[in-house]
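For the sequence shown, numbering that gives the first Met the number 0 assigns the number 0 to the initial residue and increments by one for each residue that follows. A virtual CB, placed ideally from N, CA and C, is assigned to each residue, including glycine. First comes the structure, then the notes that go with it.
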Amino acid sequence: MREAAPADRTTQAAAAARPSLGERRKEALRLDIAREAVRLFVSQGVTSTTGDQIAEAVGVSTRTLWRHFPTKESCVRPLLTAGLDAATDQLRHWPPETGLLDFLIRSCRHGTLPSADPAVLDLIRMTPTEPALRAVWLQAHDDALPVLTEVLARRSGGSTDDLRVKVHAATVNGALRAAAEDFAVRFADEAQASEEDLAACMHAALRAASEGLPY
0 MREAAPADRT TQAAAAARPS LGERRKEALR LDIAREAVRL FVSQGVTSTT
50 GDQIAEAVGV STRTLWRHFP TKESCVRPLL TAGLDAATDQ LRHWPPETGL
100 LDFLIRSCRH GTLPSADPAV LDLIRMTPTE PALRAVWLQA HDDALPVLTE
150 VLARRSGGST DDLRVKVHAA TVNGALRAAA EDFAVRFADE AQASEEDLAA
200 CMHAALRAAS EGLPY
């Protein structure tokens with residue numbers, strides 16, 4: 000049997016890595032559910048919103064809704080993880096000659112990272128006063144931490160068990176979360192904040208993280 004050429008192997012690897020049609024449809028449905036959940040949470044409050052209402056707004060059965068999410072608050076998770084997933088994916092392509100701060104800011108300004116989503120900003124603004132939503136937001140960042148740790152360990156030549164690497168990953172994770180929360184609050188009254196505004200918040204947070212403790 001003829002061995003596949005390098006180009007063929009690259010194409011096959013890319014196809015294998017690409018989500019299947021069924022997976023893409025599942026993810027699209029989960030995002031639809033998340034957006035309708037946020038819309039209802041904003042318009043009538045989290046407490047007053049039921050799983051039945053979210054399912055009806057999306058056009059699926061309540062049974063289907065609970066098959067994808069264990070609670071009504073967890074329905075928002077796909078919106079919260081989208082930006083984190085994009086950021087961690089970008090870090091896998093971090094050039095050796097570029098510093099982390101410059102790389103993330105440039106990615107944001109060049110549109111490589113997702114632009115500010117109004118639904119996500121509405122959601123983040125609710126997390127301080129809605130404990131269940133706050134738990135989902137913090138869990139999303141907690142789940143991203145091992146990915147950040149692995150990326151930084153590979154970049155430094157260290158181990159994911161190295162305390163120094165763990166602290167650096169936690170610092171970047173916390174800076175990204177703080178930047179998102181600050182951005183959501185500061186631009187609450189603006190219908191369309193720009194990528195430059197988001198980049199400025201990220202820059203300030205990551206700069207503070209890179210400076211270390213002031214005492």
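Nearest-angstrom Cβ-Cβ length linking residue i and residue j, presumed shorter than 8 Å
i, j, result
"residue 135", "residue 72", "6 Å"
"residue 197", "residue 139", "About 18 Å separates the two Cβ atoms, so there is no contact after all."
"residue 179", "residue 123", "6 Å"
"residue 129", "residue 45", "5 Å"
"residue 177", "residue 143", "Going by Cβ atoms, the distance from residue 177 to residue 143 rounds to 14 Å, so no, they are not a contact pair."
"residue 152", "residue 161", "7 Å"
"residue 125", "residue 182", "Not a contact, Cβ separation roughly 15 Å."
Residue i classed as buried or exposed, judged by whether at least 16 other C-beta atoms fall within 10 angstroms
i, result
"residue 165", "buried"
"residue 225", "Only positions 0 to 214 of the chain appear in this structure, which leaves residue 225 out of reach."
"residue 155", "exposed"
"residue 150", "buried"
"residue 184", "exposed"
"residue 106", "buried"
"residue 27", "exposed"
"residue 70", "exposed"
"residue 35", "buried"
"residue 63", "exposed"
"residue 20", "exposed"
"residue 115", "buried"
"residue 214", "exposed"
Limits of the alpha helix (DSSP H) - the one that residue i falls within
i, result
"residue 148", "130-155"
"residue 209", "194-210"
"residue 177", "162-185"
"residue 42", "20-43"
"residue 119", "117-125"
"residue 82", "76-90"
"residue 65", "61-67"
"residue 51", "50-57"
Residue i versus the options, residue with shortest Cα-Cα distance
i, options, result
"residue 211", "184, 167 and 58", "167"
"residue 141", "58, 175 and 96", "175"
"residue 206", "183, 160, 103 and 162", "103"
"residue 287", "172, 61 and 33", "Because residue 287 is not part of the residues shown, which for the chain are 0 to 214, the question remains open."
"residue 147", "117, 194, 126 and 86", "86"
"residue 65", "49, 78 and 79", "49"
"residue 59", "25, 41, 80 and 163", "25"
"residue 67", "187, 31, 42 and 125", "31"
"residue 202", "171, 88, 187 and 186", "171"
"residue 132", "78, 17 and 101", "78"
"residue 121", "29, 91, 188 and 100", "188"
Residue i CB to nearest heavy atom of the ligand SAM below 8 Å
i, result
"residue 199", "For the ligand SAM, the structure offers nothing, since it holds no ligand at all."
Counting Cβ pairs, one atom from each stretch, are 3 or more of them under 8 Å apart for the segment 83-96 and the segment 45-61? The segment 83-96 makes no contact with the segment 45-61: fewer than 3 CB pairs, one atom from each, lie closer than 8 Å.
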